[in-house]
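A.B. asks: This structure is in structure tokens; I'll ask about it shortly.
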Amino acid sequence: MGFKTEKMKKTKPNRKTSWVMLAENGGYTPLPGEQTLYQSPPRTTLSLQTSHRNHPSESYSQQCKSGVVYLTNRRMIYLPVTPTPQLQSFAVPILNVTDSRVTAPWFGANKWEAIIQPVQGGGIPPQHAELDLVMEFKEGGAFDFASIFERLKERLRQAVEVARESGGDMEDGSRGVGGVNMNNVHLEDLPAYEESRQHARVPEPPLSPPLDGSAFGTGGPVIAAPTPSSPQASSPLSSPRTQQEHFEPPSDPPPGYEEVQRGSIADELERQVMNNPWQEEEARR
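Counting from 114, one number per residue, gives the positions in the sequence shown under the numbering used here.
As structure tokens, this is what we get:
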């Protein structure tokens with residue numbers, strides 16, 4: 114596999130000079146054991162260029178305003194809707210992509226950005242060790258694509274490490290980087306592409322979908338709402354504010370209220386008599 118911008122006819126692809134074989138009825142011709150895991154809507158853009166740190170005389174750039182992205186268990190493929198002599202197809206191995214991320218601008222569609230490492234003899238000038246890749250998903254799907262890509266890349270990286278530890282170095286049509294048999298890489302939890310979904314535009318969640326792949330890219334994240342507690346299960350302790358709102362003053366006087374009231378009247382009369390003795394003498398007459 115490799116990294117290629119092609120110059121070939123769609124009906125008679127040149128297998129010696131191209132990495133992506135274009136099918137006569139559209140799309141691409143898969144390699145042995147290759148599976149399509151994702152296909153974008155046709156209005157996905159592609160921008161491939163050197164870093165801004167490079168001198169203008171050393172720059173390289175390829176642009177396409179409308180195309181389809183395919184993500185397989187081996188590579189990422191981009192096919193322009195309207196091919197040009199400069200760009201008829203583009204492909205890059207999964208493990209040649211680094212620093213990938215999704216960016217969500219204030220205006221416009223979400224973008225998937227990454228740095229790619231060209232393969233020697235793949236059609237990119239050899240002086241460019243790496244290129245900046247930007248794809249804008251105008252009809253949605255950036256988060257779905259990124260989620261599948263990251264899980265697939267991690268799975269392939271693990272397979273390469275296992276192959277290196279076991280001393281695998283054979284290369285054939287079914288083997289890729291590090292002698293890995295790509296047909297044996299487990300993809301059970303990576304959902305296969307379903308054509309009925311290819312043009313369905315769904316809300317893009319801010320977070321990645323669950324790793325089990327049971328509900329892949331069909332909606333936003335599911336957030337469990339807290340279960341409301343019943344009055345019987347509520348704690349007997351309540352806030353002072355709640356107690357104050359439900360407080361009702363008693364309608365009957367408290368116990369001993371009348372006795373205390375009579376005692377208070379008697380004490381008041383006695384105090385007045387002691388302060389004015391002449392009133393007591395007048396009362397006796």
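Beta carbons are placed, not taken as given, at the ideal position from N, Cα and C, and that holds for glycine. Because the structure is a prediction, the values reported are computed rather than measured.
Can you find the residues in the same chain that come closer than 6 angstroms, C-beta to C-beta, to L161, ignoring five residues on each side of it along the sequence?
C.D. replies: The residues are Q175, L244, L246.
A.B. asks: Contact defined as beta carbons within less than 8 angstroms: I believe E249 pairs with R187. What is the distance between those atoms, to the nearest angstrom?
C.D. replies: Between R187 and E249 the Cβ distance is about 24 angstroms, and since that is not below 8 angstroms, they are no contact.
A.B. asks: Is there contact here, the region 175-184 with the region 256-265, by at least three beta-carbon pairs under 8 angstroms?
C.D. replies: Yes, since at least three Cβ pairs between the region 175-184 and the region 256-265 fall closer than 8 angstroms, the two stretches touch.
A.B. asks: With A227 and V210 assumed to form a contact (beta carbons below 8 angstroms), what rounded beta-carbon distance in angstroms separates them?
C.D. replies: Their Cβ separation, rounded to whole angstroms, is 5 angstroms, which keeps A227 and V210 in contact under 8 angstroms.
A.B. asks: Helix, strand or coil, according to DSSP, for I237 in the structure here?
C.D. replies: Of the three classes helix, strand and coil, the one that applies to I237 here is coil, per DSSP.
A.B. asks: Check for me: the alpha helix (DSSP H) holding Q201 runs from which residue to which?
C.D. replies: Premise fails: Q201 is in no alpha helix (DSSP H) and is neither H nor E.
A.B. asks: I need the straight-line Cα distance from G253 to Y151, nearest angstrom please.
C.D. replies: The alpha-carbon atoms of G253 and Y151 are separated by roughly 13 angstroms.
A.B. asks: Would you kindly check if the distance between the Cβ of P206 and the Cβ of S179 is under 8 angstroms?
C.D. replies: Contact flag unset, no.
A.B. asks: Check S172 in the structure and name its three-state DSSP category.
C.D. replies: Coil.
A.B. asks: DSSP beta-bridge partners for I190?
C.D. replies: According to DSSP, which records beta bridges pairwise, I190 is partnered with Y183, A204.
A.B. asks: Just the Cα atoms here: how many angstroms apart are W219 and S279?
C.D. replies: In a straight line, the C-alpha of W219 is about 48 angstroms away from that of S279.
A.B. asks: Output the boundary residues of the beta strand (DSSP E) element that contains L246.
C.D. replies: Per DSSP, L246 belongs to the beta strand (DSSP E) from 244-250.
A.B. asks: Specify the secondary structure class of K125 as computed by DSSP and reduced to three states.
C.D. replies: Residue placement at K125 is flagged as unreliable, the pLDDT there being 45, under the threshold of 50; a coordinate-derived value is accordingly withheld.
A.B. asks: Rounded to whole angstroms, what's the CA-CA distance from A204 to L159? Just pull it up for me.
C.D. replies: Looking at the two C-alpha atoms, the distance is approximately 12 angstroms.
A.B. asks: Select from T157, H241, R277, P143 the residue whose C-alpha is nearest the C-alpha of T195.
C.D. replies: Per the Cα distances, T157.
A.B. asks: By how many angstroms is the C-alpha of L265 removed from the C-alpha of V273?
C.D. replies: Near 12 angstroms, if we compare the C-alpha coordinates of L265 and V273.
A.B. asks: My understanding is that E171 touches Q240, with C-beta atoms under 8 angstroms, so please give their C-beta distance in whole angstroms.
C.D. replies: With 8 angstroms as the limit, E171 and Q240 qualify as a contact, their Cβ atoms being about 7 angstroms apart.
A.B. asks: How about P198 and C177: do their beta carbons lie closer than 8 angstroms?
C.D. replies: Against a cut-off of 8 angstroms, the Cβ pair of C177 and P198 comes out as no contact.
A.B. asks: On the CB-based measure, 16 or more other CB atoms within 10 Å of its CB, does Q271 come out buried or exposed?
C.D. replies: So Q271 counts as exposed.
A.B. asks: Determine the direct distance from the alpha carbon of R277 to that of Y173, and round the result to whole angstroms.
C.D. replies: Cα-Cα distance, rounded: 34 angstroms.
A.B. asks: Note the first and the last residue of the continuous beta strand (DSSP E) segment covering V215.
C.D. replies: Per DSSP, V215 belongs to the beta strand (DSSP E) from 210-216.
A.B. asks: Would you kindly report the start and end of the unbroken alpha helix (DSSP H) that includes L265?
C.D. replies: Where L265 is concerned, the enclosing alpha helix (DSSP H) stretches over 255-278.
A.B. asks: Would you call N138 buried or exposed, if buried means 16 or more other Cβ atoms sit within 10 Å of its Cβ?
C.D. replies: When all chains shown are included, N138 counts as exposed.
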